[in-house]
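Q: Below: one structure in structure tokens.
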Amino acid sequence: MRYLPHTDEDVRDMFDAIGVKDFEELFRTVPESCRYDKEMALPAPKTEWDLNKYMAEIRSMMKVSSDHTVLIGAGRYQHHIPSTIPSVMGRSEFLTAYTPYQPEMAQGTLQGLFEYQTLTARLLGVDAANASMYDGASAMAEALLMGLRIAKKKKRVAMSAAIHPHFREVVRTYFHPTEFEIIELPFLENGQTDLSSLAGRDDLAAVALQSPNFFGVIEELELAAEAIHQTGALFVAGFSEPLAFGLLKNPGSAGADIVCGEGQSFGMPKSFGGPGLGMFGCKQKYIRNLPGRLVGETTDIEGNRGYVLTLATREQHIRREKATSNICSNQGICTLTAAMYMASLGGTGLRKLARLNYDRSEYLKQGLSDAGATVCFSAPTFNEFVVEFKNDYSPVQKRLMDQKIVAGLNLGKYYPGFDNRYLFCVTETASKEVLDTVISEVKK
Amino acid sequence: MNNGPGRSGLIMEEPLLWEKGKKGRNGMSIPESDVPSASLAKELCGEGPDFPDLSEGEVVRHYTRLSQWNFGIDTGMYPLGSCTMKYNPKINEKHAAAEEITSAHPLLDDEYCQGTLRIIYELQNFLAEITGLDAVSVQPAAGAHGELAGMLIFDAYHQSKGKKRSKILMPDTAHGTNPASAALCGYKPVPIKSGARGILDVEQIRELMDEETAGIMITNPNTLGLFEENIREIAEIVHEKGGLVYGDGANMNAVMGIADIKKCGIDVLHLNLHKTFSTPHGGGGPGAGPVCVVEELKKFLPSPRVEFDGSTYRQEEGPDSIGRMHGFHGNYGVLVRAYSYILCMGAEYLKKASQYAVLNASYVKVKLKDHLHLAYDRPCMHEAVFSDKNQQENHVTTLDIAKRLMDCGYHPPTIYFPLVVPGAIMIEPTETESLEELNTFIEVVKKVVKEAANDPELLHNSPSRFKVKRLDETQAARNPCLCG
Numbered sequence: 039m040r041y042l043p044h045t046d047e048d049v050r051d052m053f054d055a056i057g058v059k060d061f062e063e064l065f066r067t068v069p070e071s072c073r074y075d076k077e078m079a080l081p082a083p084k085t086e087w088d089l090n091k092y093m094a095e096i097r098s099m100m101k102v103s104s105d106h107t108v109l110i111g112a113g114r115y116q117h118h119i120p121s122t123i124p125s126v127m128g129r130s131e132f133l134t135a136y137t138p139y140q141p142e143m144a145q146g147t148l149q150g151l152f153e154y155q156t157l158t159a160r161l162l163g164v165d166a167a168n169a170s171m172y173d174g175a176s177a178m179a180e181a182l183l184m185g186l187r188i189a190k191k192k193k194r195v196a197m198s199a200a201i202h203p204h205f206r207e208v209v210r211t212y213f214h215p216t217e218f219e220i221i222e223l224p225f226l227e228n229g230q231t232d233l234s235s236l237a238g239r240d241d242l243a244a245v246a247l248q249s250p251n252f253f254g255v256i257e258e259l260e261l262a263a264e265a266i267h268q269t270g271a272l273f274v275a276g277f278s279e280p281l282a283f284g285l286l287k288n289p290g291s292a293g294a295d296i297v298c299g300e301g302q303s304f305g306m307p308k309s310f311g312g313p314g315l316g317m318f319g320c321k322q323k324y325i326r327n328l329p330g331r332l333v334g335e336t337t338d339i340e341g342n343r344g345y346v347l348t349l350a351t352r353e354q355h356i357r358r359e360k361a362t363s364n365i366c367s368n369q370g371i372c373t374l375t376a377a378m379y380m381a382s383l384g385g386t387g388l389r390k391l392a393r394l395n396y397d398r399s400e401y402l403k404q405g406l407s408d409a410g411a412t413v414c415f416s417a418p419t420f421n422e423f424v425v426e427f428k429n430d431y432s433p434v435q436k437r438l439m440d441q442k443i444v445a446g447l448n449l450g451k452y453y454p455g456f457d458n459r460y461l462f463c464v465t466e467t468a469s470k471e472v473l474d475t476v477i478s479e480v481k482k
Numbered sequence: 182m183n184n185g186p187g188r189s190g191l192i193m194e195e196p197l198l199w200e201k202g203k204k205g206r207n208g209m210s211i212p213e214s215d216v217p218s219a220s221l222a223k224e225l226c227g228e229g230p231d232f233p234d235l236s237e238g239e240v241v242r243h244y245t246r247l248s249q250w251n252f253g254i255d256t257g258m259y260p261l262g263s264c265t266m267k268y269n270p271k272i273n274e275k276h277a278a279a280e281e282i283t284s285a286h287p288l289l290d291d292e293y294c295q296g297t298l299r300i301i302y303e304l305q306n307f308l309a310e311i312t313g314l315d316a317v318s319v320q321p322a323a324g325a326h327g328e329l330a331g332m333l334i335f336d337a338y339h340q341s342k343g344k345k346r347s348k349i350l351m352p353d354t355a356h357g358t359n360p361a362s363a364a365l366c367g368y369k370p371v372p373i374k375s376g377a378r379g380i381l382d383v384e385q386i387r388e389l390m391d392e393e394t395a396g397i398m399i400t401n402p403n404t405l406g407l408f409e410e411n412i413r414e415i416a417e418i419v420h421e422k423g424g425l426v427y428g429d430g431a432n433m434n435a436v437m438g439i440a441d442i443k444k445c446g447i448d449v450l451h452l453n454l455h456k457t458f459s460t461p462h463g464g465g466g467p468g469a470g471p472v473c474v475v476e477e478l479k480k481f482l483p484s485p486r487v488e489f490d491g492s493t494y495r496q497e498e499g500p501d502s503i504g505r506m507h508g509f510h511g512n513y514g515v516l517v518r519a520y521s522y523i524l525c526m527g528a529e530y531l532k533k534a535s536q537y538a539v540l541n542a543s544y545v546k547v548k549l550k551d552h553l554h555l556a557y558d559r560p561c562m563h564e565a566v567f568s569d570k571n572q573q574e575n576h577v578t579t580l581d582i583a584k585r586l587m588d589c590g591y592h593p594p595t596i597y598f599p600l601v602v603p604g605a606i607m608i609e610p611t612e613t614e615s616l617e618e619l620n621t622f623i624e625v626v627k628k629v630v631k632e633a634a635n636d637p638e639l640l641h642n643s644p645s646r647f648k649v650k651r652l653d654e655t656q657a658a659r660n661p662c663l664c665g
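These protein sequences, in sequence, are chains A and B.
The numbering of the first sequence is our numbering, which starts it at 39 and goes up by one.
The numbering of the second sequence is our numbering, which starts it at 182 and goes up by one.
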């Protein structure tokens, strides 16, 4: 086996040096009663060439592939990824390194993470960002737990029903064994979160919104911040499409205390939902409550600039059960990938790309509306929007699928009464021609 | 004297991203707009972030230079204990990056993604077979995430029996993630001291296990590299009091095809695919931490899981499930790599991998035990734990030894863990290092031990061959600068 360098002679020599006669003796501390007493029933080892054939067969079972245009987002977005990214991020110096516990021989990862933290803080309008969480959903759960830690005595949090349904499910999973309670805030007819029930409350540690929310609707973050802060709660602002902040006001500047969301859009493929990364940042006064790894700037003994993991006293390997989170491994290379994507776009490019996404999605929204569909929410949207069809949409969807266009996600299973409602997503990968095809099929 | 593979090369300076570039450059193609510009209320618009503008060549050179300041498993031996830094096969990367896989959207109906679902289903089965346990969820995104899933399953199980429990037994050799994961579920860790032989003492468990205690978290082999020989008896005690046994599978690389996790009495186990199953660690992630359980706990696993009815792979959500741990299916690309690895290895070579991993560690242990203080002189599994005890008279610490090894061309072992061994030096060579490589490493460690006695200053001033000299971590924490 090509991954295992041992020859029979090596094994004999090593047995002699150790002073055992065989593997049986080498493993003598494993009690008989704990032994795996049969052969593992796994497929026979494949050569690289057989593996390639086998995997090709599995891939051929996929009915939607890279030549489809996917007009579905909902937390995973189809964006162009420049070939520089897989090429450079695939370098094994980045890919095959462990967590940078020995900073002098991991300055590449560490400077890259410091740059990521900086670009992310600028993007989200926060004072500091960590070096990533697993994904947008777990980041939301961690943000709410962080809010409870900061509030100390309070036991309740609130989250908007317009947050991605999967994100809310993950929050509920994390909260289930705890004593904490979650209140769900409904959304208004225009698709924005209804904050009216917050008035007069003082028992909430944190209130979470997502903007753009699951329906693509842009929340009024400044008004929300005011309403939330009046209750004494922290404002957690989530997102699933960070590209939005190339065009829209960022959540930090609108008053959010903790900002968290999914960063897959920045240079990572959809890859059936992972890996992406959880982007996570906060105001300066809360940094010692942050979960996850942080990279900080320092100097070496000669005064040269360098980077290290820092504020480790928040983390589990030092604080154990008193840590701010149990997270250890994060999304490492995805974090550098997001930074490289942000660097490749630059400030000018990010704005241009965000604008293009906005314009194209508005084009489809208007086109579908003209074709007879109802745009469900009147508030402005970015990239995604919900429409309702009068007639059964599924034959249209099928016809479009035959033309390699995956058009719209049915929301029936996420919200009661939404059986005829579809969430569409338009990015720069959808040309006008594709959008016109969708519009004309709906018109038929 | 063997100086190891470490030599000096040209190190390129490279500033921070925003210290270069010029407004108006771009590093990526953006399609021209072919639709009318739509209006957007001014009060919603921001100014866009202050990012530097760089050309494509500038970006590529920036990251290439950064990469050259890094050390990876492809660069050299990485004997980082408890992290299983084995070779990461290139073919796995190719399959994870295949277009049909990377372009798969996770919310399409099952009929459109039979291929990606099949990989999940088969991987669930492979991991069940390898551990001996009955059912698997591949959703957790990292080891600690798998631990959290495990603790949530503990909680769901006890609640289903009508009583929440408040404590959990926690050996002092446990990874820090164990108590932190348990604490998220409201469990108060009850510390258990390692016995004189470095393994758990049955009597202590018998004394501490009660009906308020949810169970125990055991890493086996433990973080001293020793097999917990009393695990079955311990499991019986815990089960008798209605508790469950959690296995931290971080060290599974020692026992594939050798120990049957279910027969050990373990009810829930997480695996680290980025350790045992060869997926790259990416400078911190992404990993994957599948959670494996006995039949009785299957219904509590995170959902969705993938089932197969003989013709179609389907996502299933059970009513008793602890729910979703991740927005979608976890770090799917990592799962594809592990799947590809298992298909290349089969049962035969997975078992050999474990045998050679233990052989390599045992060999290093025997060859170094007269040179570095060995914490427990007992048969080890995949790693051996030494310490700086013998170097203290020369005021040389584990940290100094680690930094000197870097100059010699090695990533240092894990240091100062486990906490029960002061100044721990934890060496895990893994099975993918050859005998010659081990011999060179051993000679270099011996040389460093001699230097520690004869020239302590050399060690105090290490490392000297990298872009930066020893970094001031205290200053970084005292005045945190997290953002440029």
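The beta-carbon is built from N, C-alpha and C at its ideal position, and this holds for glycine as well.
Model, not experiment: these values are computed from the prediction.
1) In terms of residues, what are the limits of the alpha helix (DSSP H) holding B/C525?
2) Are there three or more Cβ pairs, one per stretch, closer than 8 Å when the segment 450-467 of chain B is compared with the segment 366-373 of chain A?
3) So if I threshold CB-CB distances at 7 Å, which residues from the segment 310-326 of chain B count as touching chain A?
4) Hey, how far is the Cα of A/G319 from the Cα of A/V164?
5) For A/S198, does the three-state DSSP call read helix, strand or coil?
6) Specify, as a first and last residue, the run of the beta strand (DSSP E) that B/P352 falls within.
7) Are the segment 146-158 of chain A and the segment 182-189 of chain A touching by the rule of at least three beta carbon pairs closer than 8 Å?
8) Here's the rule I'm using: 16 or more other beta-carbon atoms within 10 Å means buried, otherwise exposed. How should B/D391 be labelled?
9) Would you please verify whether the beta carbon of A/I339 is less than 7 Å from any beta carbon of chain B?
10) Does DSSP classify B/Y302 as helix, strand or coil?
11) Is the Cβ of B/T666 closer than 7 Å to any Cβ of chain A?
12) Which class does B/E414 belong to by DSSP, given the choice of helix, strand or coil?
13) Residues of chain D with CB closer than 8 Å to the CB of A/T475, please, in chain order.
14) Cα separation between A/Q230 and A/E257?
15) Determine the chain B residues that contact A/P138 at a beta-carbon separation under 8 Å, and present them in chain order.
16) Taking only the alpha-carbon atoms, compute the straight-line gap between B/L652 and A/A350 and give it to the nearest angstrom.
17) If we count the other Cβ atoms within 10 Å of its Cβ and call it buried at 16 or more, is B/L191 buried or exposed?
18) Take every Cβ of the segment 205-212 of chain A, pair it with every Cβ of the segment 506-516 of chain B, and state whether three or more of those distances are shorter than 8 Å.
19) Identify the continuous beta strand (DSSP E) that holds A/K470 and give its terminal residues.
20) Residue ranges of each beta strand (DSSP E) run of no fewer than 3 residues wholly in the segment 61-112 of chain A, ordered along the chain?
21) Where do the ends of the alpha helix (DSSP H) carrying A/T156 lie?
22) Please decide whether A/P250 counts as near chain B, where near means a Cβ-Cβ distance under 7 Å.
23) At a CB-CB cut-off below 7 Å, which residues of chain B make contact with A/C372?
24) Can you have a look at A/M306 and say buried or exposed, based on whether 16 or more other CB atoms are within 10 angstroms of its CB?
25) Are the CB atoms of B/L425 and B/F335 within a distance shorter than 7 Å?
26) Need the endpoints of the beta strand (DSSP E) that A/R459 sits in, please.
27) Would you tell me roughly how many angstroms separate the C-alpha atoms of B/Y544 and A/T375, rounded to the nearest one?
28) With contact counted as at least three CB pairs below 8 Å, one residue from each stretch, are the segment 618-636 of chain B and the segment 371-380 of chain B in contact?
29) By a C-beta neighbour count over all protein chains shown, 10 Å radius and 16 as the cutoff for buried, is B/H576 buried or exposed?
30) Using a threshold of 7 Å, state whether the C-beta atoms of B/H554 and B/S568 are closer than that.
31) Rounded to a whole number of angstroms, what is the C-alpha to C-alpha distance between A/T412 and B/L350?
32) Going by alpha carbons, who is nearest to B/T354 out of B/R378, B/K342, B/H339 and B/M332?
33) Ignoring anything shorter than 3 residues, give me the beta strand (DSSP E) runs that lie fully in the segment 330-388 of chain B, in order along the chain.
34) Measure the Cβ-Cβ separation of B/L381 and B/Y557 and say whether it is below 7 Å.
35) Mind pulling the chain B residues with CB within less than 8 Å of A/Q145?
36) Straight-line CA distance for B/Q572 to B/L639?
A: With the given structure in hand:
1) Here residue 525 of chain B refers to the residue found at position 344 when the second sequence is read from its first residue. It spans Y513 to L549 - the alpha helix (DSSP H) in which B/C525 sits, taken as one unbroken run.
2) The segment 450-467 of chain B is in contact with the segment 366-373 of chain A.
3) The residues in question are E310, I311, G313, A322, A323, G324, A325 and H326.
4) Locating residue 319 of chain A in the first sequence gives position 281, counting from the first residue. Locating residue 164 of chain A in the first sequence gives position 126, counting from the first residue. Each residue's Cα considered, the two are about 6 Å apart.
5) For this step, residue 198 of chain A is matched to residue 160 along the first sequence. In the displayed model, A/S198 falls within a strand according to three-state DSSP.
6) Counted from its first residue, the second sequence places residue 352 of chain B at position 171. Looking at the DSSP string, the run of the beta strand (DSSP E) that includes B/P352 is K348 to P352.
7) No, the segment 146-158 of chain A does not touch the segment 182-189 of chain A.
8) The sequence position of residue 391 of chain B within the second sequence is 210, counting from 1. Exposed is the call here.
9) Taking the first sequence and counting its residues from 1, the one referred to as residue 339 of chain A is at position 301. So yes, A/I339 belongs to the interface.
10) Working through the second sequence from its first residue, we reach residue 302 of chain B at position 121. Helix.
11) Residue numbering for chain B in the displayed model covers 182 to 665; residue 666 of chain B lies beyond these limits and cannot be assessed.
12) Reading the second sequence from its first residue, position 233 is the one you call residue 414 of chain B. B/E414: helix per DSSP, three-state reduction.
13) Judged by its chain identifiers, the structure shown contains no chain D, and its protein chains are A and B.
14) Stepping through the first sequence from its first residue, residue 230 of chain A is reached at position 192. Stepping through the first sequence from its first residue, residue 257 of chain A is reached at position 219. The alpha-carbon atoms of A/Q230 and A/E257 are separated by roughly 6 Å.
15) Your numbering for residue 138 of chain A matches position 100 in the first sequence. Those are G464 and G465, listed as they occur along chain B.
16) Here residue 652 of chain B corresponds to residue number 471 of the second sequence, with the count starting at 1. Here residue 350 of chain A corresponds to residue number 312 of the first sequence, with the count starting at 1. Rounded to the nearest angstrom, the two C-alpha atoms are 15 Å apart.
17) Looking up residue 191 of chain B in the second sequence gives position 10. Around the beta carbon of B/L191, fewer than 16 other beta carbons lie within 10 angstroms, which makes this residue exposed.
18) In this structure the segment 205-212 of chain A touches the segment 506-516 of chain B; the number of beta carbon pairs closer than 8 Å is three or more.
19) Translated into the one-based positions of the first sequence, residue 470 of chain A becomes position 432. No beta strand (DSSP E) contains A/K470, which is instead part of the alpha helix (DSSP H) from K470 to K481.
20) Whole beta strand (DSSP E) segments, 3+ residues: 107-109.
21) In the first sequence, residue 156 of chain A corresponds to position 118, counting from 1. A/T156: member of the alpha helix (DSSP H) spanning Q145 to L162, first to last residue.
22) What you label residue 250 of chain A is simply residue 212 of the first sequence in a count that begins at 1. Chain B places no beta carbon closer than 7 Å to that of A/P250, leaving this residue out of the contacts.
23) Residue mapping note: residue 372 of chain A aligns to position 334 of the first sequence, counting from 1. Ordered by position in chain B, the residues that pass the 7 Å Cβ test against A/C372 are P467.
24) Indexing the first sequence from 1 puts residue 306 of chain A at position 268. Buried is the call here.
25) Counted from its first residue, the second sequence places residue 335 of chain B at position 154. Counted from its first residue, the second sequence places residue 425 of chain B at position 244. Closer than 7 Å, so yes.
26) Indexing the first sequence from 1 puts residue 459 of chain A at position 421. Element bounds for A/R459: R459 to C463.
27) Translated into the one-based positions of the second sequence, residue 544 of chain B becomes position 363. Translated into the one-based positions of the first sequence, residue 375 of chain A becomes position 337. For the pair B/Y544 and A/T375, the Cα-to-Cα distance works out to about 39 Å.
28) Because the criterion of three Cβ pairs below 8 Å is not met, the segment 618-636 of chain B and the segment 371-380 of chain B do not touch.
29) As a working mapping, residue 576 of chain B is identified with position 395 in the second sequence. With fewer than 16 neighbouring CB atoms inside 10 Å of its own CB, B/H576 falls in the exposed class.
30) Counted from its first residue, the second sequence places residue 554 of chain B at position 373. Counted from its first residue, the second sequence places residue 568 of chain B at position 387. Yes, the Cβ-Cβ distance between B/H554 and B/S568 is below 7 Å.
31) Counted from its first residue, the first sequence places residue 412 of chain A at position 374. Counted from its first residue, the second sequence places residue 350 of chain B at position 169. Distance between the alpha carbons of A/T412 and B/L350: 58 Å.
32) Residue mapping note: residue 354 of chain B aligns to position 173 of the second sequence, counting from 1. The option with the nearest alpha carbon to B/T354 is B/R378.
33) Qualifying beta strand (DSSP E) stretches, in chain order: 348-352 and 369-373.
34) Within the second sequence, numbered from 1, the residue matching residue 381 of chain B stands at position 200. Within the second sequence, numbered from 1, the residue matching residue 557 of chain B stands at position 376. No; because the gap between Cβ atoms is not below 7 Å, this pair is not in contact.
35) Start at 1 with the first residue of the first sequence, and residue 145 of chain A comes out as number 107. Residues of chain B with a Cβ closer than 8 Å to the Cβ of A/Q145 are, in chain order, L247, W250, N251, F647, K648 and V649.
36) Along the second sequence, read from residue 1 onward, the residue named residue 572 of chain B stands at position 391. Along the second sequence, read from residue 1 onward, the residue named residue 639 of chain B stands at position 458. Answer to the nearest angstrom: the Cα atoms are 14 Å apart.
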